[in-house]
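Enquirer:
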Amino acid sequence: MVTRTKLHRCAGLLVMNLFLLVASHANTDSRTFVAGSPASPGHFRYMLYPLPDTIPAPVDEYVNDFESVLTKAQTDSLRILMTSIRKEHSIVFCIVSIDSSMVQPARFDAFTLQLANYWGVGDREKDNGIVIGFSRQYRRLRIQNGRGIEKFISNMETDSIMQTVIFPEFKTGDFYGGLRAGIIALMQLVRSKKSKISA
């Protein structure tokens, strides 16, 4: 049953996406990136549903570089980092570079959310996945936090990391540096919040 609250939320997301689309086309500076507001993709369930034709199957548990932005050495380095974080801090990261052939700019945020839902990143019981979706061609970035992560960091804090940590590196063309720095910043923030709660 669709409630009035749900309709209002959908309308709000539509307005936000239209705003981001206009912003991305209004500024022609190739160094400009547009951030989609972080949003919870709900409970992650790894490949719970059959993938629709519009959603690609994951090729790796941690790094899915469909734009071929990263070198093999960079991919391996990020994979090692994320594997270590998963073991030590129980946070599951997944990086996805989204090619323009997969989705139109206006649907980038919705596509990233849908992809996170279908892939089901993270542990089912903990819902501890973080999906970092970006497109070099569209100059877009979106971070999806699982609900288990949202207990510790807010959308505003996630957006701050995008704006102050990831974007500065992306704007210079250093996608590896931006992703690595962003992952570490998110991990440190979650770890800090967990420590305060358990203290």
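Under the numbering used here, residue 200 is the last one in the sequence shown; the count climbs by one each step, no gaps. Quick reminder that beta carbons are idealized off the backbone N, C-alpha and C, glycines included.
Assign residue 110 to one of three DSSP states: helix, strand, or coil.
Expert: Correct three-state label for residue 110: helix.
Enquirer: Please specify which runs of the beta strand (DSSP E), each continuous and at least 3 residues long, are wholly inside the segment 133 to 175, giving them in chain order.
Expert: Here the runs fully enclosed are 141 to 146.
Enquirer: With a threshold of 9 Å between beta-carbons, can residue 145 be considered close to chain D, or not?
Expert: In the structure shown, chain D cannot be found, because there is only a single protein chain.
Enquirer: My guess is that residue 159 and residue 132 are in contact by the Cβ rule of under 8 Å, so how many angstroms apart are they, rounded?
Expert: Wrong, their Cβ atoms sit about 12 Å apart, outside the cutoff.
Enquirer: With DSSP as the reference, identify every bridge partner of residue 66, one or two as the case may be.
Expert: The partner list for residue 66 (beta bridge, DSSP) reads 98.
Enquirer: Please say whether residue 93 and residue 129 have beta carbons closer to each other than 9 Å?
Expert: Yes, the pair counts as a contact, with Cβ atoms nearer than the cut-off.
Enquirer: Between 95, 68, 90, which has its C-alpha nearest residue 61's C-alpha?
Expert: When each option's Cα is compared against that of residue 61, the closest is 95.
Enquirer: Please classify residue 184: does DSSP put it in a helix, a strand, or coil?
Expert: Looking at residue 184 - three-state DSSP - the assignment turns out to be helix.
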